[in-house]
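Residue numbers (the UniProt record's numbering): 1 to 117.
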């Protein structure tokens, strides 16, 4: 599995400058991506602000989901960064939250480490 790990300590409120871009997807493009391999592409997220599916680009797409996330998405212009929600120690994995209904309604099918405990 792929993930993103802190290379230094981060304090709450800092920004992790792990940049990525965002490309808007039409509903048809999202359906095509889902149908092409039979697996969910976790780089595709729903944007409440844009009211459409978006494809994360660059290294930001490797930040995994956990229901007890330690960072949150932060859009700076056209770039995606992450705001630190709680202190992160060097070598800890960086987790964001993909959304309340990303893994079915109320994330009922979520398999993150927090939900698996």
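Note that CB positions come from ideal geometry on N, CA and C, so glycine has one too.
Distance between beta carbons of residue j and residue i, contact taken as under 8 Å
i: residue 62; j: residue 72; result: With a Cβ gap of about 16 Å, residue 62 and residue 72 do not count as contacting.
Bounding residues of the alpha helix (DSSP H) (the contiguous stretch that carries residue i)
i: residue 116; result: 113-116
Cβ-based burial, residue i [other Cβ within 10 Å; buried from 16]
i: residue 75; result: exposed
i: residue 16; result: buried
i: residue 109; result: exposed
i: residue 122; result: As shown, the chain starts at 1 and ends at 117. That puts residue 122 outside it, with no answer to give.
Sequence-distant residues of the same chain with beta carbon closer than 6 Å to residue i, five excluded per side
i: residue 88; result: 6, 10, 70
i: residue 93; result: 3, 5
Enclosing beta strand (DSSP E) for residue i [first to last residue]
i: residue 72; result: 71-76
i: residue 79; result: 79-84
Proximal residues to residue i (C-beta, below 7 Å), its chain only, five neighbours per side dropped
i: residue 115; result: 67
i: residue 96; result: 63, 65, 69, 71, 72, 73, 82
i: residue 113; result: 66
Own chain, CB closer than 8 Å to residue i, minus 5 neighbours either side, in chain order
i: residue 85; result: 12, 69, 70, 71, 72
i: residue 14; result: 83, 84
i: residue 90; result: 6, 7, 8, 9
Minimum Cβ-Cβ distance from residue i to chain B less than 8 Å
i: residue 56; result: In the displayed structure, chain B is absent; only one protein chain is listed.
Taking one C-beta from the stretch 6-14 and one from the stretch 96-109 each time, how about it: are there three or more such pairs within less than 8 Å?
no
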